[in-house]
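As given, the protein sequences belong to chains A and B, one line each in that order. So in the working numbering, spot 25 of the first sequence is number 10, and the numbers just go up one at a time. So in the working numbering, spot 189 of the second sequence is number 170, and the numbers just go up one at a time.
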Amino acid sequence: MKARIHITLKNGVLDPQGKTIHQSLEGLGFDGVNDVRQGKFIEIELADGDAAAAKAKVSEMCEQLLANTVIENYAVEIDD
Amino acid sequence: MTAAVIVFPGSNCNRDVAVSLEAALGHKPLMVWHGDSALPDVDLIVLPGGFSYGDYLRSGAMAANSPVMREVISRAGNGTPVLGICNGFQVLTECGLLPGVLMRNASLKFICRDVDLRVERADTVFTSQYTKHQVIRIPVAHHDGNYFTDPDTHKALEDNGQVAFRYCAADGSLTEEANPNGSLANIAGILNEAGNVLGMMPHPERIADPLLGGLDGAPMFSALAEAIAA
């Protein structure tokens, strides 16, 4: 069973990396880009078991280590 | 009156801060490895600068969860002074001893130069040998020093007088140009509510000996030596 975790900056938190990527994309001639936000993607292989329990466990991992909830949101998906 | 310097894999300012502490205390501090869950009985704990765990995941995130930190958190709760410099400040925010977070510098560049700091609190165990609003010049060297917190926490920090140092111009004015990394309200260092935990991005240990070109950092170590000797 696999957990996929997206960690993104909360709204209102400045993202200088996203801003710089945005500028580079425009520099390359890509138009129509309104905004860029950069985050993290983490995959975790879990022992097979109950998906709801796995989601709760991975959410706890996010709270304790994977995300800094002062500035980051996280979203957990479980693939059975 | 003993001090401990906590050493994580990737710490690199532990030796320099130990030299500064030895000069002030008159004897060597203990060097405590991160994997030790037992911390000797000490009067001061220092978390040095560096790149603990290679800054993996987020600066300080791994070190904040190392065995010795559980003991550091417990000692801080009992009033033992804890000083975190640079990566040590990042560890203190990640482990929850200090509020907020140190984000990537607004310029995205690693910054290594001397900056002017305004002393906001001169009535703490760390800063008692400075005067309020004194301007001191201390080096910074970091990639993630952009202090951020939510507006409520920021208001609480200001209301409680928990800001210890701010980046300033040479005349002490708080300008945007004097802010090297984009930190909220030019914040360079903060205290916990009780005033016994200080985290700061600048490196006082790098300017605490005449051979290093100045002594502006030395009063912090002599103040601490005096406080823990008393």
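Beta carbons are placed, not taken as given, at the ideal position from N, Cα and C, and that holds for glycine. Everything numeric in this text was worked out from a predicted model, so none of it was measured.
The beta carbon of I119(B) is closer than 8 Å to those of D95, V96, L98, P183, H184, P185, R187, I188, D197, G198 in its chain, skipping five residues each way along the sequence.
The C-alpha of G(-3)(A) lies about 41 Å from the C-alpha of G194(B). Taking the CA atoms as reference points, N173(B) sits about 26 Å from P(-10)(B). Counting the other CB atoms within 10 Å of its CB gives D(-3)(B) a total of 16 or more, which places it among the buried residues. For V82(B), at least one C-beta of chain A is nearer than 8 Å to its own C-beta. Secondary structure of M(-18)(B) (DSSP, three-state): coil. Around T112(B), the same chain offers V100, A103 as residues with beta carbons nearer than 8 Å, after the five sequence neighbours per side are excluded. Of all residues in the region 3 to 16 of chain A, only T5 place a beta-carbon less than 8 Å from a beta-carbon of chain B.
Residue pairing of M12(B) in beta bridges, as defined by DSSP: V(-14)(B). A Cβ-Cβ distance of about 7 Å is found for the pair I(-8)(A) and I27(A), placing them in contact under the 8 Å criterion. Contact annotation, I56(A) with M84(B): C-beta distance approximately 7 Å; criterion of less than 8 Å satisfied. For A32(A) and D65(A), the gap between their C-alpha atoms comes out near 11 Å.
Taking CB atoms only, V55(A) has a neighbour in chain B less than 8 Å away.
For F129(B), the neighbours in chain A by C-beta distance under 9 Å run, in chain order, V(-2), L(-1), V55, I56. Residue pairing by DSSP places K(-13)(A) opposite E30(A), D64(A) in a beta bridge.
For A122(B), DSSP records a beta bridge to C93(B). Residue contact with chain A for R51(B): absent (no Cβ-Cβ distance below 8 Å to any residue of chain A). Under a criterion of Cβ atoms nearer than 8 Å, the residues of chain A adjacent to A42(B) are, in order, L50, N53. Here DSSP, grouped into helix, strand and coil, assigns D190(B) to strand.
Ranking R(-11)(A), G12(A), Q8(A) by CA distance to the CA of V21(A) puts Q8(A) first. F146(B) is positioned such that its CB atom lies closer than 8 Å to that of M181(B). By the Cβ neighbour-count rule, Y37(B) is exposed, with fewer than 16 other Cβ atoms within 10 Å of its own. Using a C-beta cut-off of 8 Å, the region 148 to 161 of chain B makes no contact with the region 70 to 79 of chain B, since fewer than three inter-stretch Cβ pairs fall below that distance.
Secondary structure note for V82(B): its beta strand (DSSP E) is the uninterrupted segment 82 to 84. By the neighbour-count definition (other C-beta atoms within 10 Å, threshold 16), F32(B) is a buried residue.
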